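Trainee:
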Amino acid sequence: KSASGAGGHKTLLYGHAVQLKHVQSEMYLACLSSCSSNDKLAFDVGVQETNEGLNIILSVLKDMKMNSGEACWWTIHPASKQRSEGEKVRVGDDVILVSVATERYLHMAYSKGYMVIASFHQTLWNIQSVSSGSMRTRNMGFLFGNDVLRLFHGNDECLTIPENWSEHPQHK
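Just add 7 to the spot in the sequence shown (first one is 1) and you have our numbering.
1. For the beta strand (DSSP E) containing V102, name the first residue and the last one.
2. Looking at the secondary structure, which residues open and close the beta strand (DSSP E) in which F149 lies?
3. Considering only the alpha carbon of each residue, which of Y35, I103 and F50 lies closest to F159?
4. Put A125 into one of helix, strand or coil per three-state DSSP.
5. Would you check if there are 3 or more beta carbon pairs closer than 8 angstroms linking the region 75-83 to the region 98-118?
6. Please classify E92: is it buried, with 16 or more other beta-carbons within 10 angstroms of its beta-carbon, or exposed?
7. Can you grab the Cα-Cα spacing for the pair Q89 / L36, in whole Å?
8. Considering Cα atoms alone, identify which of M147, I134 and A116 is closest to F50.
9. Considering only residues of the same chain and omitting the five flanking positions on each side of G148, which have a CB-CB separation below 7 angstroms?
10. Using the Cα positions of L19 and W132, report the straight-line distance between them to the nearest angstrom.
11. For V52 and L39, which I take to be in contact (beta-carbon distance under 8 angstroms), what is that distance rounded to the nearest angstrom?
12. In the DSSP assignment, what residue or residues form a beta bridge with Q26?
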């Protein structure tokens, strides 16, 4: 995933709103209006072609008096009391991601298989850098806008990839 909401190559700080873009599909992680979970207060999380939303999402967001682009924005918060808002996000930090549109946490749930949803239940995500947009000799260990990263579930040592993962996502 790519943290592009922090803008250019600026250092990512806790409290920043970010957009997460899937590298292969070039689609944005978004809080959708649907709910496939048993938790009826939760929202599905998926990817969208643009950060402005799809027609069906635009109409729901309009009814909720939200900006259509908010579906693709997430605020990043420290999971540890050793970090605070305004501090630089470091590679390896555990973070909490909150949907700007719904104020729900990015959460991994189990219902007939694992799924990622936006819920009132917190999930810790560990951030690992895969590569960066440019080589940096200073400030290594911090995350920047446009860095390519992977999100791991909590302290697990495995990627959170759904069982029905496909190299070619199907668009709805």
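Idealized CB from N, CA, C, for every residue including glycine. All values derive from a computational prediction rather than experimental measurement.
Mentor: Straight from the coordinates:
1. By 1-based counting over the sequence shown, the position of residue 102 is 95. First-last of the beta strand (DSSP E) with V102: D101 to S106.
2. Here residue 149 is taken as the residue at index 142 of the sequence shown, counted from 1. Element bounds for F149: n/a, residue is neither H nor E.
3. Counting from one through the sequence shown, the residue named residue 159 turns up at place 152. That would be I103, whose Cα lies nearest to the Cα of F159.
4. For the purposes of this step, residue 125 is taken as residue 118 along the sequence shown, with counting starting at 1. In the structure shown, A125 sits in a strand (DSSP, three-state: E or B).
5. Yes: the two stretches touch, three or more of their Cβ pairs being nearer than 8 angstroms.
6. Position 85 of the sequence shown, counted from the start, is the residue given in the question as residue 92. Counting Cβ neighbours within 10 Å, E92 comes out exposed, since fewer than 16 surround it.
7. Numbered from 1 along the sequence shown, position 82 holds the residue referred to as residue 89. Numbered from 1 along the sequence shown, position 29 holds the residue referred to as residue 36. When rounded, the distance between both Cα atoms is 28 angstroms.
8. Sequence index remark: in the sequence shown, residue 50 carries index 43 (1-based). Nearest option by C-alpha distance: A116.
9. Taking the sequence shown and counting its residues from 1, one reaches residue 148 at position 141. Answer for G148: R97 and V98, listed in chain order.
10. Residue numbering aside, residue 19 sits at position 12 when the sequence shown is read from its first letter. Residue numbering aside, residue 132 sits at position 125 when the sequence shown is read from its first letter. Within the model, the alpha-carbon separation for L19 versus W132 is close to 16 angstroms.
11. By one-based count along the sequence shown, residue 52 stands at place 45. By one-based count along the sequence shown, residue 39 stands at place 32. Correct: roughly 7 angstroms between the Cβ atoms.
12. Here residue 26 is taken as the residue at index 19 of the sequence shown, counted from 1. Bridge partners of Q26: none, in fact.
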